[in-house]
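Colleague: This structure is in structure tokens; I'll ask about it shortly.
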Amino acid sequence: MLYLDIIIAGLLTGAVYGLMALGLSVIFGVIRVVNFAHGEMMVVGMYAAYLIAVKTGLDPIAALPLVTAGLFLLGYALQRGLINRYIARPEHEQFLLLLAIATIITASLLMGFGPDARSVQLDYAYDSFQLGPLLLDKVRVLAAVGAVLGVALLWGFFRLTRTGKAIRACADNQIGAQVVGLDVKRLYAVTFGLGAACVGAAGCLMLLLIDVQPYIATDYTLLAFIIVILGGLGSMPGALLGGALVGVSEALSGFAVDPSLKSAFSFALLILVLLVRPQGLLGRA
Amino acid sequence: MRSGRFPILPRRAAAALALFVAAMLALPFFVNSYIVSVLVVVLFAAYFGQAWNIVTGFAGQLSLGHALYVGLGAYTSAALFTRYGLPPWIGMLAGIAVAALAGGIIAALSFRFRVGGVYFALLTIAFAEFTRILFDHFDGVGAASGLFLPVSSLARDDVLLLRGSPVMFYYLLLALTLGALALCHDLLRRRIGYYWQAIREDEEAAQALGIDVFRYKVAAMALSAAMTSVGGAFLAFYENNLYPDTVFAVGRSIEIITAPIIGGLGTLFGPILGAFVLTTLGEAMTSLSSGFTLNGLKQWCYGAALLLIVALQPAGLWPWLRARLGIGAVRR
Amino acid sequence: MSVPPLLEVRGLAKRFRGLQAVDGVSFAVPKGGIVALIGPNGAGKTTTFNLIAGVFAPDRGSVVLDGADITGLRPDRACHAGIGRTFQMVKPFGALTVLENVMVGAFKASADSGAVRQAALEILDRLGLAGKAGTVANSLTLPERKKLETARALATRPKILLLDEVMAGLRPTEIDAMVRTFADLSREMGLAILLTEHVMRAVMALSHHIVVLHHGQKICEGTPEQVSRDPRVLECYLGSAATAVGMG
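This is how it looks when you write it as structure tokens:
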């Protein structure tokens, strides 16, 4: 049963990873820009939730809607003000731009909060549920439920709303979308905002699970890359599947092999998938 | 019609290059040891940038994991030296073989399965990170606690064993950088250089003109990796200690590629200029922020500078400077 | 005549996701011959080109060039076998100069940069692009880019040149000049040419033989006079003549 507990814990963490990676996947799927500042944006979400918790005593989950809205605005503004100008530029210029943004974000957080790890005190941090033979951590369950809700909301947005459908049309055929009179630049800004909102929400949930520190950003950018490529860049269910796989792989290798080797397993998984099925597990060829 | 664009170096560019070389040769006689150590960092960045520029600037394949080849070159030569007493120049050859093989295999796997563009870039990061973690657990080379070279107690510089002063390393790296410049200049004039650029500009058109795209892409990656590993070997013997977390770091890969992008991707002199600008910028920020104790100020200014450059001169500083200096295009 | 044709296409077929783009097309191009492939938009001309040049492998059928079976050969191998092609959507090497673009093609025959440069300059001269040799390809006009496509393909010294709408956008006098250039090239070097073109003026003046495609099938072939009098051609082709003229 121990292994089953570990797998479940991995799945629950994986749901949060999935929400985080979904942001990257949506941005790439529509705008065709790789957000190299993705982990940095998650860390912004974590610090925002931390700050709210410290100042008002609000739980990160309660702060989530506010943080998500804030990150949406940040993403919207970034795309409108900066990234939109680089959409048609070569990959390396986009890379440099997002690297600059990432550097500025991390530096700003360092200036504001210093390099030390911060965490929120939750009175339910060590609570757990007994579900049949399984033992579940309360924080993980809450985080996973939040993540799944986030994914469902985003899915509903893309399926049911006018703007969501317009964004999907943009992703399928940018020129066609322009021809029928869609404001592509604005839709791109909304998309980047949504991607940022996803990763911001994931940041709030991650704060339940880990401490926050400016320098963890790069690791999470890489983690998001691994997940979306595993699942298939641009595929929504793929991001969730990728998140679950990485969550479980990390939990198992951390327990059975060596915690410091857990990301090696994730990278090995990524390399394997890229070589066997480069479009990702659920990606379209 | 501009016909001065062709292989022969325009006179003015040749003169500028001669002036640059003379200044670099004379510099250590006039500056203190701090400046020499900064210049060594500049030359490392310039050389690594030149090596990376081949695969990404010339052949158009975005590699984001070049720290892998720095690390393979560094660890191979250092381990052969500490464990078997093999002179670094021989270890360097072994490093070249290892790195070229690794680069060739990664490229071959990626391009065989048509992993292109962003996927290729992320695959290169994945291999670099994977290797970093492996070396963290590789006891034969000290694992995470590092591999150390015996610090020289010699009064004289020993070029054969690469034990000596920063000034010795300065000149060696200067030679390496100028050698790489000459090599790149030569490559661009040859068939392989034309083919790489054709592939960068349009793969389908290149293939229709009879170019075996796969072969040339793999060759670019293998050569770039091999050259990078030579720099890695020098880095090992200059710094005398190797930790997987710094040698193979993602941060190093990013540093390697920032200089040539800022200098001018695909240009001959861009990586060198970019290395000067970036390193100087970094040093200036460090000395500036040492006055205050505000964490992150240095990085903040660095990020802002990057943003400024990508906003104002996205094609890089060298094309702009070249026009200012009135040096026709040395090439591009 | 018992001389085998230079290029022989037999029963070529290709299907894309439910669309039969090319359906059992056969024709031949003799050595030094100029054959036009015409038909309304979507008739399968460009797909036929891509099947010959190796961009896709055909589902059925064969392509034989100068006695060698080149069916399904990769584009670079097809080029080495003697196929030179242009792209309808031009693909210049944008950051390189016109001369460098053509040199890339000429490097197929030699690794000597000096000789390659000379050969490229001669071709540019022939196509009236010599004055643009040092210009970066990105700053060319569309007709110039079309010429550059042709120059680059010619530089590989093909046995047969596949021209995909290289006259589009040219003025009538320029079209006449291009027609003359191609006719000369074909006569002097024994170069065979297979072209698709919406500019009927060029097709009629240049080609010895015309193959008409419609919905992926060959509906008739013959000399320009025969084809222009064929009722089936008039029916299918003139039916959509409005678009064809509009394109020209």
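Line by line, the protein sequences give chains F, B and A.
Heads up: the first sequence begins at 1421 in the working numbering, then just goes up one per residue.
Heads up: the second sequence begins at -10 in the working numbering, then just goes up one per residue.
Heads up: the third sequence begins at 6 in the working numbering, then just goes up one per residue.
Cβ atoms here follow ideal geometry from the backbone N, Cα and C, with glycine treated the same way.
Can you round the beta-carbon distance between residue 1389 of chain F and residue 1632 of chain F to whole angstroms, since I take them to be within the 8 Å contact cut?
Modeller: Summary: the structure shown does not reach residue 1389 of chain F, with chain F confined to residues 1421 through 1705, and so no result is reported for it.
Colleague: Using a beta-carbon distance cut-off of less than 7 Å, what residues from the stretch 1681 to 1692 of chain F approach chain B?
Modeller: Under the 7 Å Cβ criterion, the stretch 1681 to 1692 of chain F contributes 1681, 1683, 1684, 1687, 1688, 1690 and 1691.
Colleague: Tell me the residue span of the beta strand (DSSP E) that contains residue 31 of chain A.
Modeller: Residue 31 of chain A -> beta strand (DSSP E) spans 24 to 34.
Colleague: Using a beta-carbon distance below 8 Å, is residue 1583 of chain F in contact with chain B?
Modeller: It does not; no Cβ of chain B falls within 8 Å.
Colleague: Strictly below 8 Å CB to CB, what residues from chain A border residue 202 of chain B?
Modeller: Chain A residues near residue 202 of chain B: 81.
Colleague: Could you check what DSSP says for residue 1426 of chain F in three-state terms: helix, strand or coil?
Modeller: It is helical.
Colleague: By Cβ distance, which residues of its chain are closer than 7 Å to residue 132 of chain A, with the 5 residues on each side in sequence left out?
Modeller: If we look at residue 132 of chain A and ignore the five residues flanking it on each side, its Cβ neighbours are 152, 155, 156 and 186.
Colleague: Per DSSP, which one or two residues make a beta bridge with residue 169 of chain A?
Modeller: The partner list for residue 169 of chain A (beta bridge, DSSP) reads A:201.
Colleague: Work out the CA separation of residue 158 of chain A and residue 1623 of chain F for me, nearest whole Å.
Modeller: Those two C-alpha atoms are separated by around 55 Å.
Colleague: Here's a check: name, in chain order, each residue in its chain whose Cβ is nearer than 7 Å to the Cβ of residue 17 of chain B, leaving out the five neighbours to either side.
Modeller: If we look at residue 17 of chain B and ignore the five residues flanking it on each side, its Cβ neighbours are 25, 156 and 159.
Colleague: Would you be able to state if there are at least three C-beta pairs under 8 Å between the stretch 1470 to 1486 of chain F and the stretch 1436 to 1455 of chain F?
Modeller: No contact exists between the stretch 1436 to 1455 of chain F and the stretch 1470 to 1486 of chain F.
Colleague: Give a yes or no on whether 8 Å exceeds the smallest Cβ distance from residue 212 of chain B to chain A.
Modeller: Output row for residue 212 of chain B: interface = no.
Colleague: Would you say residue 94 of chain B and residue 215 of chain B are within 8 Å of each other, going by their C-beta atoms?
Modeller: Not a contact, by the Cβ cut-off of 8 Å.
Colleague: Have a look at residue 1508 of chain F and residue 146 of chain B and give me their C-alpha separation to the nearest angstrom.
Modeller: Near 52 Å, if we compare the C-alpha coordinates of residue 146 of chain B and residue 1508 of chain F.
Colleague: Taking the continuous alpha helix (DSSP H) assigned at residue 299 of chain B, which residues delimit it?
Modeller: 286 to 301 is the span of the alpha helix (DSSP H), which, as asked, contains residue 299 of chain B.
Colleague: Is the Cβ-Cβ distance between residue 162 of chain B and residue 291 of chain B less than 8 Å?
Modeller: No, these two residues do not count as a Cβ contact at 8 Å.
Colleague: Looking only at C-alpha atoms, which of A:144, A:229 and A:9 sits nearest to residue 71 of chain A?
Modeller: The candidate whose alpha carbon is nearest that of residue 71 of chain A is A:9.
Colleague: Within 10 Å of its beta-carbon, does residue 1557 of chain F have 16 or more other beta-carbons around it, so buried, or fewer, so exposed?
Modeller: Result: buried.
Colleague: When you compare only the Cα positions, how much space is there between residue 50 of chain B and residue 109 of chain B?
Modeller: If I take the Cα positions, the gap works out to 8 Å.
Colleague: From residue 121 of chain A to residue 74 of chain B, what does the alpha carbon distance come to, in whole angstroms?
Modeller: Rounded to whole angstroms, residue 121 of chain A to residue 74 of chain B spans 49 Å at the Cα level.
Colleague: Take the Cβ of residue 78 of chain B as the centre, count every other Cβ of all protein chains shown within 10 Å, and call the residue buried at 16 or more, exposed below.
Modeller: Classification of residue 78 of chain B: exposed, given that the 10 Å Cβ count is below 16.
Colleague: In the DSSP assignment, find the beta strand (DSSP E) that holds residue 1532 of chain F and state where it starts and stops.
Modeller: Taken as a continuous stretch (DSSP letters only), residue 1532 of chain F belongs to no beta strand (DSSP E), being part of the alpha helix (DSSP H) at 1511 to 1533.
Colleague: Return the residues of the stretch 14 to 47 of chain B that lie within a Cβ-Cβ distance of less than 8 Å from chain F, sorted by chain order.
Modeller: Those residues of the stretch 14 to 47 of chain B that come within reach of chain F (Cβ to Cβ, closer than 8 Å) are 45.
Colleague: Anyone know if the C-beta pair for residue 1594 of chain F and residue 1604 of chain F falls short of 8 Å?
Modeller: Yes.
Colleague: Since residue 1528 of chain F meets chain B, which of its residues come closer than 8 Å, beta carbon to beta carbon?
Modeller: The contacting residues are 285 and 289.
Colleague: Within 10 angstroms of the Cβ of residue 249 of chain B, are there 16 or more other Cβ atoms? Answer buried if so, exposed if not.
Modeller: Residue 249 of chain B should be labelled buried.
Colleague: Show which residues of chain B have a CB atom less than 8 Å away from the CB atom of residue 1577 of chain F.
Modeller: Neighbours of residue 1577 of chain F on chain B: none; closest Cβ ~25 Å, over 8 Å.
Colleague: Any contact of the stretch 14 to 25 of chain A with the stretch 170 to 183 of chain A, i.e. 3+ C-beta pairs under 8 Å?
Modeller: Verdict: no, contact absent.
Colleague: Determine the closest residue to residue 259 of chain B out of B:294, B:169 and B:225, with distance taken between C-alpha atoms.
Modeller: Of the listed residues, the one whose Cα sits closest to residue 259 of chain B is B:169.
Colleague: Is residue 98 of chain B close to chain F? Criterion is C-beta to C-beta, closer than 8 Å.
Modeller: Closer than 8 Å: yes.
Colleague: As a quick exercise: from A:75, A:79, A:210 and A:237, pick the residue whose alpha carbon is nearest that of residue 41 of chain A.
Modeller: If we check each option's Cα against that of residue 41 of chain A, A:210 comes out closest.
Colleague: Closer than 7 Å, Cβ to any Cβ of chain B: which residues of the stretch 1505 to 1523 of chain F, in chain order?
Modeller: Within the stretch 1505 to 1523 of chain F, the qualifying residues are 1509, 1511, 1512, 1513, 1516, 1517, 1519, 1520 and 1523.
Colleague: Going by DSSP in three states, residue 1538 of chain F sits in which element: helix, strand or coil?
Modeller: It is a strand residue.
Colleague: Going straight from the alpha carbon of residue 1545 of chain F to that of residue 205 of chain B, what length do you get?
Modeller: So the alpha carbons of these two residues sit roughly 56 Å apart.
Colleague: Where do the N-terminal and C-terminal ends of the alpha helix (DSSP H) with residue 175 of chain B fall, by residue?
Modeller: Residues 155 to 178.
Colleague: So, is the C-beta of residue 322 of chain B closer than 8 Å to a C-beta in chain A?
Modeller: In the structure as shown, chain B starts at -10 and stops at 321, and residue 322 of chain B therefore has no counterpart that could be examined.
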